[in-house]
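Chains as they are written, first to last, in the working numbering: chain A, 1 to 587; chain B, 1001 to 1341; chain C, 2001 to 2335. Even glycine gets a Cβ: it sits at the ideal position worked out from N, Cα and C.
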């Protein structure tokens, strides 16, 4: 999943800024202090039997308004479920407004926040055929829209059909999954672009309340993919016409949209038509949710630390590094560190660089320094990364490309550079509108220069992604070092490795291309289910060891600050967000 | 149309010495004495204690700006980027051994080091002063030239030219300065991002934006003065004698305009210093060089833990702007004994 | 009088026309790829050359600028339909185009922001007057005393400090450091939602604007009063035995009225046109902060709409001031 924190923070700063690596050297400073890095659970369990209503959270009370500050995070531009593919938007909508085939639930037994995959609109986690090329979901009959009308199988099928339309939803997750695995992938262009084709990839039976999805190739992860709101219903016909629908969605979760101002504010109020009996995981405790996008970081920190009446029922999705020490003291357990299932990368241009050059870059990147300049807390919000797959993903391999963790080591970089045929020149871009990104770039440049590189860093005014993902861009063609931040969509290497390294993948910003690797990526989903996790980990290791196409710089964690009257302050490990489903206001 | 540029809040300070709004007590009539008015004014200025203190302050900053490089070498500091992690605690605050806020001041970094980036504060402060004065001075020069030229032309030629220029003046006065600056900056940045002279272009852009929104007051003032002067005997005489227009303008008119120009200029400087820092504070000023306003924005995050970092640029701006403003007022008073306060 | 009004109105319209055209041209010729932002947003940064071309065409950047400008102006008065990405949106008058970010008519969002800016402006301007004029009068009556000198010099000092620093320090201490209850928590809450929260959220902003803005009113009020108090008619009035208060307010202040009304009109206009620093520092979601954000996000229709809005407000303020002025002081019309 793409990270959208970006406008200020990720796109610019973080992208190139963060990186991963523990200790840039002399002792002491790396230890994360009092806090241990929360490893997310190894695997996500599945419970196809779970039924609504969800059991009450201990001590939960109804009522009140929860305010969520999202510092430096512009949030989604629209709320269309089919278009949603960002941590922020999906975490909010999937928990509160928009249901889909399946969903996650925080394991009440577990203290480390393990998530369980449970049914949502489907009565179970779907019935695949033997080779996972056809999945049938029975849609429950007691779920309703916000206007009280029942959700039909046809509407679910229509929602799934929409996800095939890459032209209407160029940034939707369907581009990566529906358009890869569903029948007609690569040919059928979706219901809006390809009006005349009668697509057979998804079929429904309103009487039996079933939806059947046919695959182009074996797709064992359909139950996970079903937890995306893109795999949920959409009103038929004109009512869900994009892009208007994105500003005016019809909710079916416990809350509905009261008002939405992109980049600014989203207000949700209780949806009285939501039937708790129909939902195994969601709750409806608070009366109202107010999400404040693009909140000012410093002000939010101050509000959260002050424990005034406003902050008692508020939470912040990002505590700034300058408030980390104070925050640890003042907030205690209410400062929650959550693995965001994300890795930050530098992505060298594959064509124009060689292996030694790429390793030299990995040794020349001043990991901790870049984190600090970008306002991150080394060892807490950023930890050293060794692989493409983030911690907590089953099958993740603990290999080291060069025998040990890459750290900032200019001498080693110089040695490698001497053996490289690629000129010691780096050409990269950074997001100039964000002072933190500018400061970070300066530090990165300094690190590279100490290692003997010459650096040409160009400031851009828009998100660097708009340059990196545009193969036609003149500036992009001149770069030999790009970046990307990537978060897993579900705990499988399938959602990390191919989207970043498959030939032609959108976020393959280094244009890596090796047909042997592409073949292995195609093979793994055909393997026995139990072997797949290992296989992804092995592919991650083999690819990096042999080609080292992409340089992981950091595994990312978030720091959430919860107000003193927010009950059950926890995170959602499946997506890397506050656990919106289970929060309440203590009365 | 009246001036939109008053000294009220939300403007970036006084952009001109023009009487705010329509001050009925205009000071047109200049007393003409036998001695050089400039000399009298200087004497008066020197007797004004506040003016002397302000002058000293201004000179101090000018020296800092000019000798910024030398001073940095003297203190052994520089604005080079460093790798910060070895100097900072986890929350980005400098460790005690490198100076404030938790440690004592050190000789290596007399003003301490910056949070997050660990760069030297003194060096950034000195460069900030230089940057600030350089941009303000350049903008003042440009604005003064534009203002004088248009004011002279309008006042002296009169007729259609006067009408057109007056209209342009009013036109610029109705443009919201801040929004214009906000709008132009990113467009220019985008257009020239690949240009090797990007830094220069950014500075030029800022100077021009400041100047283009700062000349109107002076132009009006000059026009007014010229209107009253051109009917006076000595000008009439020069024209009758067949002196060419440019000579009349430069030789006869200009010396009589020295006072308003000096006053206007001396009040433009602080306005531009203030504007430069204000724009940088909003995040749209100079991004590629140290600037006080930039530091100010970054420092607000650390105010509780490391307030010194905020006070440095803040006191710099306040001291410089205050000294320049008060000096400007004193100059005006010295040149025009009739000004009441 | 009538001819004067017509003349001033025509000049105002002409200025408005030029301002709007300058803004339009700036955004037309300024950016390298004017359709880029819209394209990036609509495709979540996956804007390739082909998509960019499509957006460039749709947004009309392939047409002549004057034709598009004509459409724009027409939209402002009667509204228009705008088609982007095969989606037609009705943009009612006053139509300033569609936001690149959310695709909604700019005016729809703008009118949500206006109450915040108006609240700031009205409260701030009221405080200017309530503080400034009485202080000036008081100072004039105590002319030459220590209090008078202290007031004059401290106000001189204050007005020589950049406003945003004053506001920033106020925020840092009152909100951040001392966390003063009620007023420490700044921001805009609609008056209709909670009058106390509305008041508390804006109080610091008003105080800042009020204290900082009142200095020049004090100066004018004091100057005019000092002059007036020495005039013959005041002395006569005093000699007649009228109460000092009546003399001071009825007669003395009248002289100060003209300059004060003038600067007040302009100041108020400036505030209405957008209080960027105040809104940025005190986190008030008004026009100023909105336009600052739009600049950062390069949402050009919003930026041009706010610029145009400010210009309109300033021109109107100037016009009204001039008209009022010509009523108060008939000599103006003749000159």
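Opposite residue i in the DSSP bridges: which residues?
i, result
"residue 266(A)", "260(A) and 291(A)"
"residue 204(A)", "211(A)"
"residue 134(A)", "214(A)"
"residue 1306(B)", "Answer is none; residue 1306(B) lacks a bridge partner."
"residue 585(A)", "566(A)"
"residue 2195(C)", "In the DSSP output, where bridge partners are listed per residue, residue 2195(C) has none listed."
"residue 571(A)", "578(A)"
"residue 247(A)", "Bridge partners of residue 247(A): none, in fact."
"residue 1094(B)", "1088(B)"
"residue 962(B)", "Since the first residue of chain B shown is 1001 and the last is 1341, residue 962(B) is not available in this structure."
"residue 1312(B)", "None; residue 1312(B) has no bridge partner."
Would you give the residue range spanned by the alpha helix (DSSP H) that residue i belongs to?
i, result
"residue 348(A)", "Here residue 348(A) belongs to no alpha helix (DSSP H); instead the beta strand (DSSP E) covers 335 to 348."
"residue 2148(C)", "2146 to 2159"
"residue 428(A)", "Looking at the DSSP string, residue 428(A) is not in any alpha helix (DSSP H); the run it does join, the beta strand (DSSP E), is 425 to 431."
"residue 2293(C)", "2287 to 2297"
"residue 2236(C)", "2232 to 2239"
"residue 1253(B)", "Neither: residue 1253(B) is in no alpha helix (DSSP H) and is coded neither H nor E."
"residue 363(A)", "355 to 364"
"residue 1220(B)", "1216 to 1229"
"residue 2036(C)", "2036 to 2042"
"residue 2004(C)", "2002 to 2029"
"residue 1049(B)", "1049 to 1066"
DSSP three-state label for residue i, please.
i, result
"residue 177(A)", "coil"
"residue 2245(C)", "helix"
"residue 182(A)", "strand"
"residue 1020(B)", "Reliability of the predicted coordinates at residue 1020(B) is poor, the pLDDT of 40 falling under 50, and the value obtained from them is presented with this limitation in mind. DSSP places residue 1020(B) in coil when its eight states are reduced to three."
"residue 21(A)", "Unreliable positioning characterises residue 21(A) in this predicted model, as indicated by a pLDDT of 26, which lies under 50. The coordinate reading is nonetheless provided below. Coil."
"residue 391(A)", "coil"
"residue 314(A)", "strand"
"residue 127(A)", "strand"
"residue 406(A)", "coil"
"residue 380(A)", "coil"
"residue 414(A)", "helix"
"residue 1116(B)", "coil"
"residue 254(A)", "coil"
"residue 116(A)", "strand"
"residue 1213(B)", "coil"
Using CA coordinates, which residue listed in the options is at the minimum distance from residue i?
i, options, result
"residue 1317(B)", "1227(B), 1058(B), 1108(B) and 1162(B)", "1058(B)"
"residue 447(A)", "1275(B), 1081(B), 1226(B) and 1298(B)", "1081(B)"
"residue 51(A)", "72(A), 77(A) and 125(A)", "125(A)"
"residue 309(A)", "465(A), 487(A), 65(A) and 61(A)", "65(A)"
"residue 2119(C)", "2020(C), 2283(C), 2208(C) and 2198(C)", "2198(C)"
"residue 2098(C)", "2216(C), 2025(C) and 2041(C)", "2041(C)"
"residue 1190(B)", "2081(C), 2031(C) and 2285(C)", "2031(C)"
"residue 582(A)", "180(A), 232(A) and 54(A)", "54(A)"
"residue 2137(C)", "2224(C), 2113(C), 2122(C) and 2127(C)", "2224(C)"
"residue 2215(C)", "2171(C), 2141(C), 2291(C) and 2263(C)", "2263(C)"
"residue 156(A)", "150(A), 232(A) and 510(A)", "232(A)"
"residue 385(A)", "544(A), 311(A) and 149(A)", "544(A)"
For the beta strand (DSSP E) that contains residue i, what are its first and last residues?
i, result
"residue 1147(B)", "Element bounds for residue 1147(B): not the beta strand (DSSP E) but the alpha helix (DSSP H), 1121 to 1157."
"residue 2089(C)", "2087 to 2091"
Completely contained alpha helix (DSSP H) runs for the stretch 435 to 513 of chain A, where each covers 4 or more residues: 435 to 450, 464 to 468, 474 to 477 and 497 to 501
Runs of beta strand (DSSP E) lying entirely within the stretch 42 to 89 of chain A, each at least 3 residues, in chain order: 65 to 71
Continuous alpha helix (DSSP H) assignments of at least 4 residues falling wholly in the stretch 2045 to 2100 of chain C: 2049 to 2058 and 2065 to 2078
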